[in-house]
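Enquirer: Take this structure first; my questions come after.
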DNA sequence: TCCTTTCGGATAGTAGAACTATCTACTGTA
DNA sequence: TACAGTAGATAGTTCTACTATCCGAAAGGA
């Protein structure tokens, strides 16, 4: 049951055989154990990895190259547990970091990080990502007011506490790492979906007149 | 100053002329006012629209087809203001709705919506998007616990209140609509970037031993 | 043992998205 | 009148994520 060939791996995962071969080539999936020149055996670990890859691409929307990057950190040998989470999370691209921010936006992003006591190292790519988003607000003629930015930051601190709490239950280190990756990448999609629903609700609450 | 030809529009927006022509073909940008068979004039409105398009694609990561969809709602004539925001927000794809959820996940998503009193219409695509994300958590072997889901929902309600508050300052209806679009699409990227930073901070706080 | 099926690995081809380049006919301006 | 600039059309490019074929070899049933 636990040992299978590629056809069964394909059937159980729902991923076509040629796509599995593609993932093998791209290094998203470890090669099976070769029993002869043209026979390899795959196990439950391959099946789980395949599910992870599909979740990151389909739900998380990560490009294949980014998935490889992230999985390299999942697979990396861990010498110490010290701030390992931080380094793994650094490897996950902030989704939409295109568009170069200007000095103005970068300074504002760094100021927010400082004011909230998020003393991350200043070359964190997420700071630049934040600046790029602020630049987007400004360039479209809808600059984000300071008050709102702070309130978003407060809400997000609450989110981050939940993020870290979800990892508490787990004992195994490998599981914690994978849980952090899943929680971070799928979490963005989760928050986006929940946000749409909460926006609709809040919008309806404030609408003058009747319900709906 | 306000009236220009395509070369100046390109220079001021930073978007190459062939790309502007491509956006014109795709209907992301209104055609300029034709003064003869091969001369058109563009104005400040075109410049702002171009900035909006680039923000939605580069920062928000929306595909061109989705941008066209969204802008159709921005441009639509508004007969009434009633729950107009809700309908505009519906048009924005929840980013990563691939991967079909199963009955189990759909039921859980609907249950959450009901429990929190988010009485949206049950065919809201965001509900299905939420279910798809929950399916991703489950299939990777990291199912999201009920407690955590509820805590995310609470945080997101706070976010939605900020979202709606950012629109209060504005008088003009067109500006409100555009602000809602920008706030929703760029907001996802904003929250993702802030979340990475807050995660790093929270992770460092909980790490045993020294700082960093 | 023979024979059909399946396999691993390599190479090549495909579909869609987002541009980018070229072409033609025309035109405002120096 | 020469010429750089323009609108609109069509065709080509680049990148990503697959998908299809091929080959030689091994597996598995009759």
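Protein chains in written order, with the working numbering: chain A, 21 to 232; chain B, 21 to 232. Virtual Cβ for every residue (Gly too), placed ideally from N, Cα, C. No experiment lies behind these values; they were computed from the predicted model shown.
Name the one or two DSSP bridge partners that residue 62 of chain A has.
Expert: Residue mapping note: residue 62 of chain A aligns to position 42 of the first chain, counting from 1. Note: residue 62 of chain A sits in a beta bridge opposite A:24.
Enquirer: Mind checking residue 74 of chain A: buried by the 16 CB within 10 Å criterion, or exposed?
Expert: The sequence position of residue 74 of chain A within the first chain is 54, counting from 1. Buried is the call here.
Enquirer: Using a Cβ cut-off of 7 Å, pull out every chain B residue sitting near residue 206 of chain A, in sequence order please.
Expert: Translated into the one-based positions of the first chain, residue 206 of chain A becomes position 186. By Cβ distance, chain B contributes 153, 156, 157.
Enquirer: How far does the beta strand (DSSP E) with residue 54 of chain A in it reach, from first residue to last?
Expert: For this step, residue 54 of chain A is matched to residue 34 along the first chain. From DSSP, the beta strand (DSSP E) with residue 54 of chain A extends over 53 to 56.
Enquirer: For a contact defined as C-beta to C-beta under 7 Å, what are the partners of residue 68 of chain B on chain A?
Expert: Here residue 68 of chain B refers to the residue found at position 48 when the second chain is read from its first residue. Per Cβ cutoff of 7 Å: 161.
Enquirer: Go ahead and pull the three-state DSSP assignment for residue 182 of chain A.
Expert: Here residue 182 of chain A is taken as the residue at index 162 of the first chain, counted from 1. Three-state DSSP puts residue 182 of chain A in a helix.
Enquirer: What are the residues in the segment 175 to 191 of chain A lying within 8 Å of chain B by C-beta distance?
Expert: So the list reads 175, 176, 177, 178, 179, 180, 181, 182, 183, 184, 185, 186, 189, given in the order they occur along the chain.
Enquirer: Should the segment 160 to 172 of chain A be regarded as contacting the segment 202 to 213 of chain A, the criterion being three or more beta carbon pairs within less than 8 Å?
Expert: Verdict: no, contact absent.
Enquirer: With distance defined between alpha-carbon atoms, name the residue in B:59, B:171, B:110, B:191 nearest to residue 182 of chain A.
Expert: Locating residue 182 of chain A in the first chain gives position 162, counting from the first residue. Closest option to residue 182 of chain A, Cα to Cα, is B:171.
Enquirer: Quick check: what's the CA-CA separation for residue 184 of chain A versus residue 227 of chain B?
Expert: Within the first chain, the letter at position 164 stands for residue 184 of chain A. Within the second chain, the letter at position 207 stands for residue 227 of chain B. Cα to Cα, the separation comes out at about 11 Å.
Enquirer: Is residue 91 of chain A closer than 8 Å to residue 70 of chain A when the C-beta atoms are compared?
Expert: As a working note, residue 70 of chain A is residue 50 in the first chain. As a working note, residue 91 of chain A is residue 71 in the first chain. No, they are not a contact pair.
Enquirer: Excluding the five sequence neighbours on either side, which residues of its own chain have a C-beta within less than 8 Å of the C-beta of residue 60 of chain A, listed in chain order?
Expert: Counting from 1 along the first chain, the entry for residue 60 of chain A is found at position 40. Result list for residue 60 of chain A: 25, 26, 51, 52, 53, 54, in chain order.
Enquirer: Leaving out the 5 sequence neighbours to the left and right, which residues in its chain are closer than 7 Å to residue 33 of chain B when beta-carbon positions are compared?
Expert: The residue labelled residue 33 of chain B in the question sits at position 13 within the second chain. Excluding sequence neighbours, residue 33 of chain B sits near 67, 70, 71.
Enquirer: CA-CA distance, residue 212 of chain B and residue 119 of chain A?
Expert: One-based indexing of the second chain puts residue 212 of chain B at position 192. One-based indexing of the first chain puts residue 119 of chain A at position 99. About 16 Å.
Enquirer: Please identify the residue among B:152, B:112, B:87 whose C-alpha is closest to the C-alpha of residue 124 of chain B.
Expert: If you number the second chain from 1, residue 124 of chain B lands on position 104. Closest option to residue 124 of chain B, Cα to Cα, is B:152.
Enquirer: By the 10 Å Cβ neighbour count, where 16 or more other Cβ atoms means buried, how is residue 38 of chain B classified, buried or exposed?
Expert: For the purposes of this step, residue 38 of chain B is taken as the residue at position 18 of the second chain. Residue 38 of chain B comes out exposed.
Enquirer: Does DSSP put residue 29 of chain A in a helix, in a strand, or in coil?
Expert: In the first chain, counting from the first residue as 1, residue 29 of chain A sits at position 9. Residue 29 of chain A falls in the helix class under three-state DSSP.
Enquirer: Grab the span of the alpha helix (DSSP H) containing residue 93 of chain B for me, first residue to last.
Expert: Sequence index remark: in the second chain, residue 93 of chain B carries index 73 (1-based). It spans 84 to 95 - the alpha helix (DSSP H) in which residue 93 of chain B sits, taken as one unbroken run.
Enquirer: Return the Cβ separation of residue 168 of chain B and residue 186 of chain A in integer angstroms, given the expectation that the two are a contact with Cβ distance under 8 Å.
Expert: Indexing the second chain from 1 puts residue 168 of chain B at position 148. Indexing the first chain from 1 puts residue 186 of chain A at position 166. Between residue 186 of chain A and residue 168 of chain B the Cβ distance is about 5 Å, and since that is below 8 Å, they are a contact.
Enquirer: What residues in the segment 208 to 227 of chain B bring their beta carbon closer than 8 Å to a beta carbon of chain A?
Expert: Listed by position along the chain: 208, 209, 210, 211, 212, 213, 214, 215, 216, 217, 218, 219, 220, 221, 222, 223, 224, 226, 227.
Enquirer: Flag residue 45 of chain A as yes if its beta-carbon sits less than 8 Å from any beta-carbon of chain B, otherwise no.
Expert: Translated into the one-based positions of the first chain, residue 45 of chain A becomes position 25. Chain B, which has no Cβ nearer than 8 Å to the Cβ of residue 45 of chain A, makes this no.
Enquirer: Nearest to residue 113 of chain B by alpha carbon, out of B:147, B:86, B:158?
Expert: Working through the second chain from its first residue, we reach residue 113 of chain B at position 93. For residue 113 of chain B, the nearest C-alpha among the options comes from B:86.
Enquirer: Can a CB atom of chain A be found closer than 8 Å to the CB of residue 146 of chain B?
Expert: For the purposes of this step, residue 146 of chain B is taken as the residue at position 126 of the second chain. Yes, its Cβ sits closer than 8 Å to a Cβ of chain A.
Enquirer: Find the nearest neighbour of residue 63 of chain B within the set B:28, B:126, B:209, judged by alpha-carbon distance.
Expert: By 1-based counting over the second chain, the position of residue 63 of chain B is 43. The shortest Cα separation from residue 63 of chain B among B:28, B:126, B:209 belongs to B:28.
Enquirer: With a cut-off of 8 Å on the beta carbons, I'd call residue 198 of chain A and residue 133 of chain A a contact; round off their distance for me.
Expert: Numbered from its first residue, the first chain carries residue 198 of chain A at position 178. Numbered from its first residue, the first chain carries residue 133 of chain A at position 113. Not quite, the Cβ-Cβ distance comes to about 28 Å (not below 8 Å), so this is no contact.
Enquirer: At a CB-CB cut-off below 7 Å, which residues of chain A make contact with residue 71 of chain B?
Expert: On the second chain, position 51 is the one that residue 71 of chain B refers to. Within chain A, the residues near residue 71 of chain B are 159, 160.
Enquirer: Please confirm if residue 48 of chain A has its CB atom under 8 Å from at least one CB of chain B.
Expert: Counted from its first residue, the first chain places residue 48 of chain A at position 28. It does not: the Cβ of residue 48 of chain A has no partner Cβ on chain B nearer than 8 Å.
Enquirer: Relative to the C-alpha of residue 44 of chain B, which candidate in B:56, B:88, B:23, B:80 has its C-alpha closest?
Expert: For this step, residue 44 of chain B is matched to residue 24 along the second chain. The candidate whose alpha carbon is nearest that of residue 44 of chain B is B:88.
Enquirer: Hey, how far is the Cα of residue 41 of chain B from the Cα of residue 147 of chain B?
Expert: On the second chain, position 21 is the one that residue 41 of chain B refers to. On the second chain, position 127 is the one that residue 147 of chain B refers to. Taking the straight line joining both Cα atoms gives about 37 Å.
Enquirer: So with Cβ pairs under 8 Å, would you call residue 118 of chain B a contact of chain A?
Expert: Reading the second chain from its first residue, position 98 is the one you call residue 118 of chain B. Cβ-Cβ to chain A under 8 Å: yes for residue 118 of chain B.
Enquirer: What distance in whole Å lies between the Cβ atoms of residue 106 of chain B and residue 224 of chain A, which are believed to be in contact at a cut-off of 8 Å?
Expert: For the purposes of this step, residue 224 of chain A is taken as the residue at position 204 of the first chain. For the purposes of this step, residue 106 of chain B is taken as the residue at position 86 of the second chain. That belief holds up - the Cβ atoms of residue 224 of chain A and residue 106 of chain B are roughly 6 Å apart, short of 8 Å.
Enquirer: Distance check for residue 65 of chain B and residue 131 of chain B, CA to CA, integer angstroms please.
Expert: For the purposes of this step, residue 131 of chain B is taken as residue 111 along the second chain, with counting starting at 1. For the purposes of this step, residue 65 of chain B is taken as residue 45 along the second chain, with counting starting at 1. Straight-line Cα distance between these residues: approximately 44 Å.
Enquirer: If the cut is a Cβ gap below 7 Å, which residues of chain A does residue 173 of chain B touch?
Expert: Looking up residue 173 of chain B in the second chain gives position 153. Chain A residues near residue 173 of chain B: 214.
Enquirer: Can you have a look at residue 22 of chain A and say buried or exposed, based on whether 16 or more other CB atoms are within 10 angstroms of its CB?
Expert: Mapped onto the first chain, residue 22 of chain A falls at position 2. The residue is exposed, with fewer than 16 neighbouring Cβ atoms inside 10 Å.
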